[in-house]
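**Student:** Input: one structure, supplied below.
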Amino acid sequence: METTAIAKQMIGFQKTVFDNSFNAMVVVQDQTERMINNFMTQLPWVTEENRSQLEETIQYTKKARGEFKNAIDEGYGRFEELFDNK
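Numbering (this note's numbering), first residue to last: -2 to 83.
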């Protein structure tokens, strides 16, 4: 029983580390997005088409980031279920 508790604690620690790292990455990406958007609005040669392409890329990145987070959370959930069943 002790090994199960230790394994659950290790998985919990890894999930916490992942969540904190992921949240830090999100903050950096969001700040970079704001910086790029501010930069792009100040450049007269950047067309609206360029801005819309950039916005589309940013939205795709956010969607992929969310899907990645969901997949990781699902994996940790499966680990927790595995240890709860024992």
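Positions of the beta carbon are idealized from the N, C-alpha and C atoms, including for glycine.
Compute the Euclidean distance between the alpha carbons of residue 68 and residue 30, then round it to the nearest angstrom.
**Tutor:** 24 Å
**Student:** Whole angstroms is fine: what's the gap from residue 56's alpha carbon to residue 43's?
**Tutor:** Between residue 56 and residue 43, the C-alpha separation is close to 19 Å.
**Student:** Quick one: what's got a C-beta closer than 7 Å to residue 15's C-beta in the same chain, skipping five residues either side?
**Tutor:** 69
**Student:** Going straight from the alpha carbon of residue 47 to that of residue 32, what length do you get?
**Tutor:** 16 Å
**Student:** Between residue 1 and residue 76, is the Cβ-Cβ spacing less than 8 Å?
**Tutor:** Between residue 1 and residue 76, the C-beta spacing is not below 8 Å.
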